Amino acid sequence: MMKYRTYLTICISLIFLIILGIVRPNTYESGIPSDVFWINKINWKSRFTIVLSGDSRTYRGLSPEAMKLFLPGQKICNFGFSGTGFERNYLDALPQLLDEQSRIKVIVLGITPLSLTPSACKNNGFLTVKNKNRLDLFISQKFDMFLHFFRPYDTEAFYTQLTGKGFRYYQHYNLNGWVASYRVPENQNISLPLYKGYFKNNYVTENICSYIFQWIIRMKSGGITVIGFRFPASSNMIDLENKQSGFDEQSFANRFIQAGGIWFYFPSGLYHTYDGSHLTKDSAIQLSHDLSEKIKDFIYL
39 MMKYRTYLTI CISLIFLIIL GIVRPNTYES GIPSDVFWIN KINWKSRFTI
89 VLSGDSRTYR GLSPEAMKLF LPGQKICNFG FSGTGFERNY LDALPQLLDE
139 QSRIKVIVLG ITPLSLTPSA CKNNGFLTVK NKNRLDLFIS QKFDMFLHFF
189 RPYDTEAFYT QLTGKGFRYY QHYNLNGWVA SYRVPENQNI SLPLYKGYFK
239 NNYVTENICS YIFQWIIRMK SGGITVIGFR FPASSNMIDL ENKQSGFDEQ
289 SFANRFIQAG GIWFYFPSGL YHTYDGSHLT KDSAIQLSHD LSEKIKDFIY
339 L
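When we follow this note's numbering, the leftmost residue of the sequence shown carries the number 39, and every step to the right adds one.
Here it is, written out as structure tokens:
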């Protein structure tokens, strides 16, 4: 009798788990699974001609596919990671993605003030994935669908789906490294408190900037073109960053050019964010078009 109850309990528990997995709330994610997205990105080899780099504004804000419309024949990847600073490990990884046999070798740095701070250089998405246990990476890649089914419940998403209130965060993960994103409803000021916290005792530092300029000199001597620009954001976000991060865009741009890099300007007012920090899908595509048009003037000379 005891054995029968044990089996019955196990069967009921399994049925309950399966039901919970089936009816779990929509996460509004599409494309390839997010874990596979990051694992594929960290394992890319030297096969690209243009590498896009930076933090979440880059990986959500630049579409390699959209850029190919103006740069036909180029192999472009988005190597952006969440919260990533331009520290040595990350910068050294960028040229390793370039095709050594190609005449065209371009690295694009999507600069944000946060990416030039000690906190972003010490703790970021690139180092997290890079330092992840190889066995964990293998399991995540091979059994993602199974793990995805039994992942923890997102209570906020469940509340939104049940009541129709709250917000929905749509994310489409692409194999080329871009995440097309938008938020419903939008909130242009929601990220401001976060960034005020990010810049508390954490400012743009000279050591990080100087290393970038020295790195640009090395890249240029190796035949690699380095392009940089400040990533667009909302006017309130740009104002906050200018006041609290210690970032002087004009001074940084001048030194970037002196080191041998190419600096582009993109007025923030031309592009639309959904949270004050990240571009909507449509604006990301527009910025990708605008960036590629500027790039082609240099690489097709």
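All C-beta atoms, glycine included, are put in the ideal place defined by N, C-alpha and C. Keep in mind the model is a prediction, meaning the values are calculated, not measured.
For residue i, the first and last residue of its enclosing alpha helix (DSSP H)
{"i": "Asn127", "result": "Arg126 to Ala131"}
{"i": "Ser157", "result": "Pro156 to Lys160"}
{"i": "Gly163", "result": "Gly163 to Lys168"}
Counterpart residues of residue i in DSSP-defined beta bridges
{"i": "Arg268", "result": "Ile149"}
{"i": "Val74", "result": "According to DSSP, which records beta bridges pairwise, Val74 is partnered with nothing at all."}
{"i": "Gly92", "result": "Gly148"}
{"i": "Gly260", "result": "According to DSSP, Gly260 bridges with nothing at all."}
{"i": "Leu136", "result": "Phe86"}
{"i": "Arg221", "result": "Tyr207"}
{"i": "Asn116", "result": "Leu90"}
Exposure label - residue i; buried when at least 16 CB within 10 Å
{"i": "Pro110", "result": "exposed"}
{"i": "Gln252", "result": "exposed"}
{"i": "Val222", "result": "exposed"}
{"i": "Gly215", "result": "buried"}
{"i": "Glu125", "result": "buried"}
{"i": "Ser219", "result": "buried"}
{"i": "Glu279", "result": "buried"}
{"i": "Gln112", "result": "buried"}
{"i": "Lys83", "result": "exposed"}
{"i": "Lys79", "result": "buried"}
{"i": "Tyr233", "result": "buried"}
{"i": "Asp320", "result": "exposed"}
{"i": "Leu329", "result": "buried"}
{"i": "Tyr128", "result": "buried"}
{"i": "Pro305", "result": "exposed"}
{"i": "Asp73", "result": "buried"}
{"i": "Leu308", "result": "exposed"}
Same chain only: Cβ atoms within 6 Å of residue i, ignoring 5 sequence neighbours per side
{"i": "Ile300", "result": "Ile265"}
{"i": "Ser120", "result": "Ser94 and Gly163"}
{"i": "Thr318", "result": "Tyr220, His310 and Tyr312"}
{"i": "Arg268", "result": "Ile149 and Glu287"}
{"i": "Ile142", "result": "Thr87 and Ile337"}
{"i": "Gln282", "result": "Phe237"}
{"i": "Leu297", "result": "In the sequence as presented, Leu is not what sits at residue 297; that position holds Ala. The residues are Phe251, Ile254 and Ile255."}
{"i": "Gln209", "result": "Glu67, Val217 and Ser219"}
First and last residue of the uninterrupted beta strand (DSSP E) at residue i
{"i": "Val242", "result": "Careful: Val242 lies outside any beta strand (DSSP E) and carries neither H nor E."}
{"i": "Glu103", "result": "Run containing Glu103: none in the beta strand (DSSP E); it sits in the alpha helix (DSSP H), Pro102 to Met105."}
{"i": "Gly111", "result": "Careful: Gly111 lies outside any beta strand (DSSP E) and carries neither H nor E."}
{"i": "Ser229", "result": "It is not in any beta strand (DSSP E) - Ser229 carries neither H nor E in the DSSP assignment."}
{"i": "Gly69", "result": "Glu67 to Gly69"}
Own chain, CB closer than 7 Å to residue i, minus 5 neighbours either side, in chain order
{"i": "Gly314", "result": "Gln226, Asn227, Ile228, Ser229, Leu230, Ala271, Ser272, Asn274 and Met275"}
{"i": "Phe75", "result": "Tyr211"}
{"i": "Ala291", "result": "Trp301"}
{"i": "Ser91", "result": "Phe117, Gly118, Leu132, Ile145, Val146, Leu147 and Gly148"}
{"i": "Val242", "result": "Pro151, Leu154, Thr155, Ser283, Gly284 and Phe285"}
{"i": "Gly261", "result": "Lys143"}
{"i": "Lys332", "result": "Phe302"}
{"i": "Ser140", "result": "Thr87"}
{"i": "Ile295", "result": "Trp301"}
{"i": "His316", "result": "Ser94, Arg95, Arg98, Gly99 and Ser219"}
8 Å Cβ shell around residue i - same chain, five flanking residues per side excluded
{"i": "Ile327", "result": "Per the sequence shown, residue 327 should be read as His rather than Ile. Taken in chain order, the residues that qualify are Ala104, Met105, Leu107 and Phe108."}
{"i": "Arg85", "result": "Lys113, Leu135 and Asp137"}
{"i": "Ile323", "result": "Ser101 and Ala104"}
{"i": "Asn161", "result": "Gly121"}
{"i": "Ile246", "result": "Gly123, Phe124, Glu125, Leu154, Thr155, Pro156 and Cys159"}
{"i": "Ser178", "result": "Its pLDDT being 48, under 50, Ser178 is placed unreliably by the model, and the measurement read from it follows with that caveat. For Ser178, where only same-chain residues beyond five positions count, the Cβ hits under 8 Å are Asp73, Val74, Ile77 and Leu185."}
{"i": "Gly235", "result": "none"}
Proximity test, residue i beta-carbon vs the ligand COA heavy atom, cut-off 7 Å
{"i": "Ile228", "result": "The ligand COA is not among the ligands present in this structure, which contains no ligands whatsoever."}
- Could you name each continuous beta strand (DSSP E) segment of 3 residues or more that falls completely within the stretch 270 to 332, going from the start of the chain to the end? 300 to 302
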